[in-house]
Amino acid sequence: MTFSSERLVGLKVLMIHADIPQLEAINRSVKTLTEDLNKRSIHVVISSDFEDANAIVLSDSTIQCVVLNWMLQENDEHNLKARDMIKHIRSKNIRIPIFLMIERNNASTLTADVMRQSDELIWLLEDTSFFISGRIYSAILRYRENITPPFTKAVIAFAEKYEYSWHTPGHAGGTAFLKSPVGRVFHDYFGENLLRSDLSISVGELGSLLDHSGPIGESEKFCAKVFGADRAYTVTNGSSMSNRVILMSSVARNDYALCDRNAHKSTEHALTMTGVIPTYLIPSRNNLGMIGPIYNRYLSETSIRESIKKNPLTHDKKKKAHHAIITNSTYDGLIYHVPTVIDSLDASVDRIHFDEAWYGYARFNPIYRDHFGMYGDPKDYPKDKPSIFTTTSTHKLLAALSQASLIGVRDGRNPVPHARFNESYMMHASTSPLYPIIMANEVSAEMMNGVSGLVLTTESITEAVSFRKVIGKIKRQAYAEHDWFFSTWNADYVTDSDSGQRIAFEDAPDELLITDSACWKLNSQDSWHGFKGIEDNYCMLDPIKVSVVMPGVSIDGSLEEMGIPAMLVTAFLSQRGIQVEKTTDFTILFLFSLGVTRGKYGTLVNALLRFKDAYDNNAPVSEVLYAHSSEVPACYEEMGLKTLAESMFAMIKNNQIMAIQAEAFSTLPEPAMTPADAYVKLVHNEIDTVHIDDLQGRILATGIVPYPPGIPMIMPGENAGSNDGPYIRYLLALQEWDRNFPGFTHDIHGVESVNGNYYVQCLKEHNAK
-2 MTFSSERLVG LKVLMIHADI PQLEAINRSV KTLTEDLNKR SIHVVISSDF EDANAIVLSD
58 STIQCVVLNW MLQENDEHNL KARDMIKHIR SKNIRIPIFL MIERNNASTL TADVMRQSDE
118 LIWLLEDTSF FISGRIYSAI LRYRENITPP FTKAVIAFAE KYEYSWHTPG HAGGTAFLKS
178 PVGRVFHDYF GENLLRSDLS ISVGELGSLL DHSGPIGESE KFCAKVFGAD RAYTVTNGSS
238 MSNRVILMSS VARNDYALCD RNAHKSTEHA LTMTGVIPTY LIPSRNNLGM IGPIYNRYLS
298 ETSIRESIKK NPLTHDKKKK AHHAIITNST YDGLIYHVPT VIDSLDASVD RIHFDEAWYG
358 YARFNPIYRD HFGMYGDPKD YPKDKPSIFT TTSTHKLLAA LSQASLIGVR DGRNPVPHAR
418 FNESYMMHAS TSPLYPIIMA NEVSAEMMNG VSGLVLTTES ITEAVSFRKV IGKIKRQAYA
478 EHDWFFSTWN ADYVTDSDSG QRIAFEDAPD ELLITDSACW KLNSQDSWHG FKGIEDNYCM
538 LDPIKVSVVM PGVSIDGSLE EMGIPAMLVT AFLSQRGIQV EKTTDFTILF LFSLGVTRGK
598 YGTLVNALLR FKDAYDNNAP VSEVLYAHSS EVPACYEEMG LKTLAESMFA MIKNNQIMAI
658 QAEAFSTLPE PAMTPADAYV KLVHNEIDTV HIDDLQGRIL ATGIVPYPPG IPMIMPGENA
718 GSNDGPYIRY LLALQEWDRN FPGFTHDIHG VESVNGNYYV QCLKEHNAK
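Quick note: the sequence shown, position 28, residue 25 per our numbering, numbers continuous.
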């Protein structure tokens, strides 16, 4: 099968050349070369100076070849501008072909380093422009083929054959849509390339996702190499599927597993499907309600043994767990030093599973070194250490399409071989996967491969750092004027490792904050993070996950005189076309992903300043939080924004919502049965719908997961406790809030709100045993 690039973006060359009067012959040759390139349907972008060319290289990823005049600038006898240009190009792209235009009388100025970084020399006054344009054309085609990963290359090549389809899917490359008016709208919206790429397992030459053969298998090998795994598995139903596949390959009914309580709902589903007996590991929390790591001391062999012993569901108290699952990073962007976690769990478990759904970029920037599951070189990983699994949602913070995910496997002690693992994989995988998702998975991997991964992640970190510094400077100015503003959650001061100087975060050099992980580590002597007793060098904050903190609560947990619930700011931003990732009581999380463009944060800063003005002026709620066409609840029609914030903050204070939340998520409910056993009773309809006023002592049939913070408060099969316990008190506080503040209600999985009343599914009392 041959690969044609004609369906890809058009051919484009950047020609960096400045007309120099003394070199008229060269100038004429460049003009002729440009004309010949145009005849080959190659678009030529001409730049005449370093700064302009630099900007083009930075902004235009469709450039597929650079033709550079070695004499880029007049009176530059050492060719410094040309050298700098080559260096700049290679810092962004190590594979793009670079052609140097040169005369024999200045060939002696070339160095070995310049020759090494260039692909070809062009002798404009000796070779014909037709021949040179042919060399450039061939180099572009090779480049396009080399940057296209295996499965994507195979699908494009197959589409170029224009074969008639006598197999599934039934739309047959999109032609079925052309037979209907609405189908034609669908066809035109998505385009023929996408629809002709929607193929099936019937096309044998593309391989099979279920047996990992052909170009699909090559794609997975490529992804494994890029992400540092021994094996990789492409998943087309998100990391929810990935987590279930891993658990079902590793544990079975009545096995023991160690489970981070800060876990995605798919982990709960995997516990239900496997029938495993979970022993939960409780993550830390600070007084802002942020979820931190499980402290390292709770991962020690002694602590794990004690946790299993105290677990009412474990019968053999000496039995070891088969599997551990840890969420890395936490929902608030805190990431573990993975070698420390592995060393701590080494004696307790043979397999460790890091759910890194929101963290697929870590391998590609040295600031994250050793803080991700597939750290280091897989060849160096000791085979007597636990086997490692990772799940990565390549669509979340990389560039894949939604539902794309990747499982990484690094074999160590007691591994799960491919044949066994694939049985679990096939239980969950579709026999009709969407091929563009597979393509997007490997394309996102290729985008991170080599120097481009460093460039892309550095851009994201740079933007996040710039935003944090701007907010810090505005806040400092506001405080100097005895005013208020938002803050970002990060260290107040950082230390320059070279000079030892302690610098305010907002005054620190960008280079320091972008490259030195020490600026982001949580250490016990620092108070800014609020995680008391945390072990040094065990955890760091991911720079691109930016939490903006509202006034209202101090890091020591005390409530301030004035407070602004974060959901008001989120509503304000939403009215201005700004959607956030996560809102807690007093924080909002913004993700500076690969898709963030330079300076985009300026719009966000402006919106935060406008919120401050609206709050200070007590602007009408109906004007600043609701669109003109929206129906405003009657209770807000005459209310100002500041008045609403004060009313909300008063309820948080009076009902001690922050304190109750902290208590509810720092203790574990009493389990009566496993999630799997509770699910059996749910399926058999051995359940009651119970109002939370009557919840005391009842066993939950479904889990209760309040957002925020987005982790299970009560799992299926666990007891809701007493009326004066933290779980029911917290639900009652949220219910009262929802009744008082329509439009600002809570999202709680497992709770149905009917006319302001909370109901949950519980096991019938005679069956709750």
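A virtual CB, placed ideally from N, CA and C, is assigned to each residue, including glycine. All figures in this text were calculated on a predicted structure; none of them were measured in a lab.
For this session: Decide yes or no for the touch test of the segment 694 to 710 against the segment 573 to 585: beta carbon pairs closer than 8 Å, at least 3 of them.
Result: Note that the segment 694 to 710 touches the segment 573 to 585; at least 3 beta-carbon pairs, one per stretch, sit closer than 8 Å.
Exercise. Going straight from the alpha carbon of residue 356 to that of residue 76, what length do you get?
Worked result: Approximately 42 Å between the Cα atoms of the pair.
Problem set entry | Cβ distance (whole Å) where residue 637 is taken to contact residue 618 below 8 Å | At roughly 7 Å, the Cβ-Cβ gap stays under 8 Å, so residue 637 and residue 618 are in contact.
Problem set entry | Spatial distance of residue 156 from residue 379 (CA atoms) | When the Cα atoms are used, residue 156 and residue 379 turn out to be separated by approximately 44 Å.
For this session: Locate the alpha helix (DSSP H) running through residue 516, then write down its first and last residues.
Result: It is not in any alpha helix (DSSP H) - residue 516 carries neither H nor E in the DSSP assignment.
For this session: Taking residue 134 as the reference, give the member of 23, 31, 109, 686 with the closest Cα.
Result: Nearest of 23, 31, 109, 686 to residue 134, Cα basis: 31.
For this session: Output the boundary residues of the alpha helix (DSSP H) element that contains residue 25.
Result: Going by DSSP, residue 25 is part of the alpha helix (DSSP H) stretching over 21 to 36.
For this session: Run the CB neighbour count on residue 400, radius 10 Å, all protein chains shown included, and call it buried at 16 or more, exposed below.
Result: The residue in question, residue 400, is buried, as its Cβ has 16 or more Cβ neighbours within 10 Å.
Problem set entry | Given residue 551 as reference, the closest of 79, 656, 748 once Cα atoms are compared | Selected option, being the one with the closest Cα: 656.
Exercise. What did DSSP end up calling residue 479 once you bin it into helix, strand or coil?
Worked result: Residue 479 sits in coil when the DSSP states are folded into three classes, being neither helix nor strand.
For this session: Select from 314, 287, 285, 290 the residue whose C-alpha is nearest the C-alpha of residue 299.
Result: Considering only alpha carbons, the answer is 314.
Problem set entry | Where the beta strand (DSSP E) containing residue 748 begins and where it ends | Note, residue 748: beta strand (DSSP E), 748 to 751.
Exercise. Do you know how far the Cα of residue 463 is from the Cα of residue 359?
Worked result: Cα to Cα, residue 359 sits roughly 20 Å from residue 463.
Problem set entry | Sufficient close CB pairs (3 or more, under 8 Å) joining the segment 432 to 445 to the segment 414 to 423 | Counting Cβ pairs under 8 Å, fewer than three are found: no touch.
Exercise. Which residue comes first and which comes last in the alpha helix (DSSP H) that contains residue 211?
Worked result: Taken as a continuous stretch (DSSP letters only), the alpha helix (DSSP H) holding residue 211 covers 211 to 224.
Exercise. When you compare each of 750, 717, 351 to residue 733 by their alpha carbons, which one comes out closest?
Worked result: Nearest of 750, 717, 351 to residue 733, Cα basis: 750.
Problem set entry | Assigned secondary structure, residue 92 (DSSP; H/G/I helix, E/B strand, else coil) | Coil at residue 92, not helix or strand.
Problem set entry | Expected contact under 8 Å - CB spacing of residue 428 and residue 207 to nearest Å | Confirmed, about 7 Å.
For this session: Please check the pair residue 368 and residue 335, which I expect to be a contact at CB under 8 Å, by giving their CB distance rounded to whole angstroms.
Result: Between residue 335 and residue 368 the Cβ distance is about 6 Å, and since that is below 8 Å, they are a contact.
Exercise. Who are the Cβ neighbours of residue -2 in its own chain at under 6 Å, not counting the five residues just before and after it?
Worked result: With a pLDDT of 42 at residue -2, under the threshold of 50, the predicted position of this residue should be treated as unreliable, though the coordinate-derived value follows. Excluding positions up to five away in sequence, the list reads 154.
For this session: Could you name each continuous alpha helix (DSSP H) segment of 4 residues or more that falls completely within the segment 302 to 350, going from the start of the chain to the end?
Result: Taking only runs of at least 4 residues, the alpha helix (DSSP H) segments lying wholly in the segment 302 to 350 are 335 to 342.
Exercise. Roughly how many whole angstroms lie between the Cα atoms of residue 147 and residue 213?
Worked result: Going from the Cα of residue 147 to the Cα of residue 213 covers about 8 Å.
Problem set entry | chain D within 8 Å of residue 591, Cβ atoms only | No chain D appears in this structure, which consists of one protein chain only.
Exercise. Can you list, in chain order, the residues of its chain whose CB lies under 7 Å from that of residue 634, leaving out five sequence neighbours each side?
Worked result: If the five residues before and after residue 634 are omitted, its C-beta is found closer than 7 Å to the C-beta atoms of 619, all from its own chain and listed in chain order.
Problem set entry | C-alpha distance - residue 727 paired with residue 278, whole-angstrom precision | In this structure, the alpha-carbon of residue 727 lies about 21 Å from that of residue 278.
Exercise. Using 8 Å as the threshold, is the segment 248 to 263 in touch with the segment 308 to 324, meaning 3 or more CB pairs across them?
Worked result: By the criterion of at least three beta-carbon pairs nearer than 8 Å, the segment 248 to 263 is in contact with the segment 308 to 324.
Exercise. Is residue 713 helix, strand or coil by DSSP?
Worked result: Coil, per DSSP.
Problem set entry | Three-state class that DSSP yields for residue 701 in the structure shown | It is a strand residue.
For this session: Could you work out which residue in 709, 504, 695 is closest to residue 719 when comparing CA atoms only?
Result: Looking at the Cα atoms, 695 is the closest of the given residues.
Exercise. Measuring CB to CB, does residue 731 end up less than 8 Å from residue 713?
Worked result: Cβ distance not < 8 Å, so residue 731 and residue 713 don't count as in contact.
Exercise. Going by the C-beta, is residue 318 closer than 7 Å to any heavy atom of the ligand SAH?
Worked result: Absence of the ligand SAH from the depicted structure is noted, as is the absence of any ligand whatsoever, leaving it without description.
For this session: List the residues that DSSP assigns as beta-bridge partners of residue 536.
Result: Bridge partners of residue 536: 333.
Exercise. Would a C-beta distance cut-off of 8 Å place residue 485 and residue 543 closer than the cut-off?
Worked result: Yes. Within cutoff.
Exercise. Out of curiosity, what's the CA-to-CA distance linking residue 233 and residue 507?
Worked result: Roughly 38 Å separates the two Cα atoms.
Exercise. Ordered along the chain, which non-local residues of its own chain (more than five positions away) have a Cβ less than 8 Å from that of residue 489?
Worked result: 501, 502, 525, listed in sequence order.
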